[in-house]
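Q: First the structure, then my questions, so here it is.
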Amino acid sequence: MALVLTGRVVTFDDDRPVINDGAVYVHNGMIDAVQRRTTKAPSGFEKAERVATGGTIYPGLVDLHNHLAYNFLPLWRAPKTEPYTSRHQWPGAATYGREVSQPAEAMKEAAAAATLRYAEVRAVVGGVTSIQGSPQLKKEFVGWMVRNIEKQTFPDLDNPVIFQAVIQADTQTLTAVGEKLGTTKSFIYHLAEGTDPKLNGEYRDLRKAKCVHERLIAIHATALGATEYGQWATKPGTIVWSPFSNLWLYGDTTDVVEARRQGILVCLGSDWGPSGTRNLLGELKVAALWNEKHLDKAFTPHELCEMATANPGDALARSWGRQVGRLRPGALADLMVTATRQGDAYRNLLNASERHVRLVVSQGHPVYGNRALMKAAGATNLESIRVAGTERTISMRLPADQQPDDPMASAEVNMSWKDGLAAMQRVVDNPALAVKQARGRKPKGGFRPVTYELDMPGPDGGAARALTDDELANLVMLPIEPLGHDAAWFRQIRNGHPHGAILAGLGAYFR
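Below is the structure:
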């Protein structure tokens, strides 16, 4: 597919950072050229779809920390007023099982494909085109709208090239990972999440296993300080900052200024529904809030925006050998378009919300946006969707070259937004019935629906597990969360615990 987008182009390329009247040329999932609109077009684009966006074109956002299977859940208000000091504490809370892990388990059993598609749509409406945190699948699922980072493969690489672990790994596992990092592999690891200094034992385990490396992508790293970052600076890697989740659970967050000072790439991740923002546009605003109120504006608007674009793109390129997060020839064709509301292109992105996202192109294909731009981009099978009070369209059907042969598999991966939401709603309305029906369903013609393993702790802080009959009978599920940041979400924040009080001012950043 050939596509040309015109508008103000923000490349995150140092040579030409902003082209006010620019054009991005896309062909077969790659960016062919980025130049002024008035410059002669490259050959081969004579019949390309041309889209005058009337807005600002950015790289698609890259969310390096998420847990897709939990994103239909509301914010979880812990049953204690004091902040936690470690990620090992809150899964044992009295309400965690019935409000977090049990609903996620029910949705996994009865509506797995719909849950994954919901999470992707929630990311896409915020301009995200690459996301980390899809759960471990029990069978292949080809219905992805965006790049699922751990599952992304390339024909010329020794796939998979990205490994990840959420739960603390043992020494033997880490040592095996350390050997892989010596090639071209990367390791995404939840590290030292919390404020307890004892958590730095996890970092020391990584050092012993030779995993403190330029291809280590450490999620949270909240307990790390100058000593740890200084050691890592010899082969500086990447940290993923999730300020909302940190403040909501622990009342403090990662020392991103020290990390940056030591040459470590700082990226953003929105974490998950129970303690995170609804998409990366929201997390950018939390970063801006913390930067203004607590960091004395140590990061410029440009640098904050790099945390969701160029920085994670550069981190992934170390193993992918391909660029996302920057608009340049040879990069993967993932883009987003927002309304142009400010002269400063970076403040324009910082202040953008779901209402301002006009178009999202993932892997060279238009997948979401307003109807006029989607049609101009050649999108088909458009479905209406309402996000944050605005009318948009979404195209959830896979391109023809990605369609599975099995008709039942095709129906699963091409599930419409309306049908997926209805499947999830049936679980909300009667979880016990929905799960029992799913357990009793016989495979048809050898086809088995997609399912996955949950990647967060179960109801007692241990491994996730199937629900008992008693748990199902007593399970009450809350309504599925809206896609965008809405008034109810801001009310939940204002009613949060005192240690997260700074988040109450977040509404002012959604303009």
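Each residue of the sequence shown is one higher than the one before, starting from 707 at the first, in the working numbering.
Yeah, the Cβ is synthetic: ideal placement off N, Cα and C, and Gly gets one too.
Predicted model only: the values in this text are computed from it and were never measured.
Considering only residues of the same chain and omitting the five flanking positions on each side of Phe1216, which have a CB-CB separation below 7 Å?
A: Around Phe1216: Lys991, Ser1059 and His1191.
Q: Alpha carbons only, please: which of Thr791, Pro949, Phe751 and Val830 is nearest the one belonging to Gly698?
A: In the structure displayed, the chain extends from 707 to 1217; residue 698 sits before or after that span and is not available.
Q: Are three or more beta carbon pairs between the region 861–876 and the region 1136–1152 nearer than 8 Å?
A: Taking 8 Å as the limit for Cβ pairs, the verdict is that the region 1136–1152 does not touch the region 861–876.
Q: Helix, strand or coil for Leu770, going by three-state DSSP, please let me know.
A: Leu770: coil per DSSP, three-state reduction.
Q: Give every residue of the same chain whose Cβ lies closer than 7 Å to the Cβ of Thr960, excluding the five residues on either side of it in the sequence, and list them in chain order.
A: Closer than 7 Å at Cβ, skipping near neighbours: His926, Ala927, Thr928, Ile945, Trp947 and Asn952.
Q: Classify Gly1036: buried if its beta carbon has 16 or more other beta carbons within 10 angstroms, exposed otherwise.
A: Exposed.
Q: Is the CB-CB distance between Val716 and Val730 below 7 Å?
A: Not a contact, by the Cβ cut-off of 7 Å.
Q: Determine the burial state of Gly849: buried for a count of at least 16 other Cβ atoms within 10 Å of its Cβ, exposed for fewer.
A: It counts as buried.
Q: Reducing DSSP to helix, strand and coil, say where Trp782 ends up.
A: Trp782: coil per DSSP, three-state reduction.
Q: For the beta strand (DSSP E) holding Leu822, just list the boundary residues, first then last.
A: That residue, Leu822, is in no beta strand (DSSP E); its alpha helix (DSSP H) goes Gln808 to Val830.
Q: Count the other C-beta atoms from every protein chain shown that fall within 10 angstroms of the C-beta of Ile923, then say buried if there are 16 or more, exposed otherwise.
A: With 16 or more other Cβ atoms within 10 Å, it is buried.
Q: What does the alpha-carbon distance come out to for the pair Gly803 and Thr1157?
A: Their Cα atoms are separated by approximately 20 Å.
Q: Please classify Ser836 as buried or exposed, where buried requires at least 16 other C-beta atoms within 10 Å of its C-beta.
A: By the 10 Å Cβ count, Ser836 comes out buried.
Q: Give every residue of the same chain whose Cβ lies closer than 7 Å to the Cβ of Ala1214, excluding the five residues on either side of it in the sequence, and list them in chain order.
A: Counting only Cβ-Cβ distances below 7 Å, and skipping sequence neighbours, we find nothing.
Q: Using three-state DSSP, classify Thr759 as helix, strand or coil.
A: Three-state DSSP puts Thr759 in a strand.
Q: Can you find the residues in the same chain that come closer than 6 Å, C-beta to C-beta, to Tyr790, ignoring five residues on each side of it along the sequence?
A: Hits under 6 Å: Trp796, Leu955 and Tyr956.
Q: Where do the N-terminal and C-terminal ends of the beta strand (DSSP E) with Phe893 fall, by residue?
A: Where Phe893 is concerned, the enclosing beta strand (DSSP E) stretches over Ser892 to Leu897.
Q: At what residues does the alpha helix (DSSP H) containing Ile1199 begin and finish?
A: Start and end: Ala1193 to Arg1200.
Q: Leu1189: which of His773, Asp902 and Asn777 sits nearest, CA to CA?
A: When each option's Cα is compared against that of Leu1189, the closest is Asn777.
Q: Exposed or buried, what is Asp1176 when buried is set at 16 or more other beta-carbons lying within 10 Å of its beta-carbon?
A: Classification for Asp1176: exposed.
Q: Rounded to whole angstroms, what is the Cα-Cα separation between Lys904 and Lys999?
A: Cα to Cα, Lys904 sits roughly 28 Å from Lys999.
Q: Would the region 764–780 and the region 880–888 be scored as touching if the rule is three or more Cβ pairs under 8 Å?
A: No, because fewer than three Cβ pairs between the region 764–780 and the region 880–888 fall closer than 8 Å, the two stretches do not touch.
Q: With burial defined as no fewer than 16 other Cβ atoms inside 10 Å of the residue's Cβ, what is the status of Ser1068: buried or exposed?
A: Under this definition Ser1068 is a buried residue.
Q: Which residues mark the beginning and the end of the beta strand (DSSP E) in which Cys973 is found?
A: Where Cys973 is concerned, the enclosing beta strand (DSSP E) stretches over Leu971 to Leu974.
Q: Below 8 Å on the Cβ atoms is my guess for Leu974 versus Leu986; work out the distance and round it to an integer in Å.
A: The Cβ separation is near 6 Å, so the contact holds.
Q: At 4 residues or longer, and completely inside the region 979–1012: list those alpha helix (DSSP H) runs for me, N to C.
A: As far as the region 979–1012 is concerned, its whole alpha helix (DSSP H) runs of at least 4 residues are 986–999 and 1007–1012.
Q: Looking at the C-beta of Thr745, does it have a partner C-beta in chain B at a distance below 7 Å?
A: Among the protein chains of the structure shown there is no chain B, as only one such chain exists.
Q: Could you check which residue in Trp1026, Val724 and Gln838 has the C-alpha nearest to that of Pro861?
A: When each option's Cα is compared against that of Pro861, the closest is Trp1026.
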